[in-house]
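Residue numbers (mature numbering (1 follows the signal peptide of the UniProt record, and there is no 0)): -19 to -1, 1 to 386.
Before any comments, here is the structure.
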């Protein structure tokens, strides 16, 4: 059986097991480990304390969470590792999926390691539910949320759901974890960070993960893009993903070749979902895209700091880009693909403006543009809290996704 081991965790097939359990076969019976489920039927996860209400006949399977309310999903003292989180809400509209947020705190930290909108946390953005499955997240029929990300803690775990939206929501959930006496080795804590491109201008890369300090591993990201209508049907996805590791400043150590290339596809993009890469939403009519890449078989480690970005860059024909510029769209041509090779405009001097008749016709022009990007970055860190800023306010999170379907 194939095993992939990373930072105290083991991947067996597509299922994770704590390294504290060893490289076990499925039929092994590890010593000193106990299984616990946290839910509304047993919120404290105590032994023999489940299904106490209504004589055990489904007495408290769900709870209403009103606007402005928060609910404690888990508040557990002890050592362990979360293996799975499942939940659903009654109204899964786009505004709700961005308005509700999940916060996770490890080992009594004051600052959450996770503070992410509900829909985005569970592996897909845009506030649009769809059926998909990856190694870390899934929605079997587009009505529920599943996470299989291993989340270890040494003495305390707290998960909070906050409804910042306008709608009252009916919530069902459970959190499945393994209770441990102690971890066999030093652990890395799970973190997730959401951001969008509101602060990024023309020719400025969008920061998927701002520079985070410490030792850890970048686990991957899901990214959403809503293109600006001014760009029409021109291709948005020429941007390269870059990872700046351990003191990289002007230039990164890791760099890809294009957006669809990063998620394992090529030559434009169609919908698909696989274990480590996928694009569950490719809506070319609305020009909306949601895709992911998880670095499980290809780890991205860092020892001191890490920053991950993607270029806001697209491509199209010369005349289309001329029309965009004329309509007031933000464009900056950077290179032209010709039969003789690539003309690198950023390195050329005196090259004609795109409106000059000398600019090559009917060629592929790569150009900087400005679209609505958002992303959830997942990573492990040697500390239960990071130096990253707080989650963006609700108004910023809702930009572009209201009335999305």
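Each residue gets a CB set at the ideal place from its N, CA and C atoms; glycine is no exception.
Between which two residues does the beta strand (DSSP E) harbouring residue i extend?
i           : result
residue 75  : Careful: residue 75 lies outside any beta strand (DSSP E), inside the alpha helix (DSSP H) at 75 to 80.
residue 22  : Premise fails: residue 22 is in no beta strand (DSSP E) and is neither H nor E.
residue 188 : 187 to 194
residue 247 : No beta strand (DSSP E) holds residue 247; DSSP gives it neither H nor E.
residue 295 : 294 to 298
Specify the secondary structure class of residue i as computed by DSSP and reduced to three states.
i           : result
residue 2   : Bear in mind that the predicted position of residue 2 carries a pLDDT of just 48, short of 50, making it unreliable; the figure below should be weighed with that in mind. Three-state result, residue 2: helix.
residue 378 : helix
residue 342 : coil
residue 267 : coil
residue 234 : coil
residue 30  : coil
residue 301 : helix
residue 368 : coil
residue 307 : helix
Skipping 5 residues on each side, what residues in its chain have a beta carbon closer than 7 angstroms to that of residue i?
i           : result
residue 241 : 218, 247, 249, 250
residue 409 : For residue 409 there is no data in the structure shown, the boundaries of the chain being -19 and 386.
residue 71  : 150, 151
residue 253 : 259, 260
Under 6 angstroms Cβ to Cβ from residue i, same chain only, skipping five residues before and after it: list those, please.
i           : result
residue 47  : 149
residue 314 : 326, 335, 346, 348
residue 2   : Only weak support exists for where residue 2 lies, its pLDDT of 48 falling under 50; the value from the coordinates is given anyway. Excluding sequence neighbours, residue 2 sits near 11.
residue 143 : 51, 82
residue 34  : 40, 41
residue 223 : 233, 236, 290
residue 67  : 127, 155
residue 140 : 54, 55, 85
When we look at the beta-carbon of residue i and count the other beta-carbons within 10 Å, is it buried (16 or more) or exposed?
i           : result
residue 371 : exposed
residue 288 : buried
residue 45  : exposed
residue 76  : buried
residue 232 : exposed
residue 269 : buried
residue 8   : exposed
residue 188 : buried
Could you spell out the range, first to last residue, of the alpha helix (DSSP H) harbouring residue i?
i           : result
residue 326 : No alpha helix (DSSP H) contains residue 326, which DSSP labels as neither H nor E.
Within the same chain, show all residues whose beta-carbon is closer than 8 angstroms to that of residue i, passing over the 5 residues directly before and after it, in chain order.
i           : result
residue 379 : 76, 79, 80
residue 457 : The structure shown does not extend to residue 457, since the chain spans only -19 to 386, so no value can be given for it.
What are the complete alpha helix (DSSP H) segments, minimum 4 residues, inside the segment 81 to 159? As for any alpha helix (DSSP H) of minimum length 4 sitting wholly inside the segment 81 to 159, the runs are 99 to 102, ordered along the chain.
Mind pulling the beta strand (DSSP E) runs of 3 or more residues that sit fully within the segment 160 to 230? You should have 170 to 177, 187 to 194, 197 to 207, 222 to 226.
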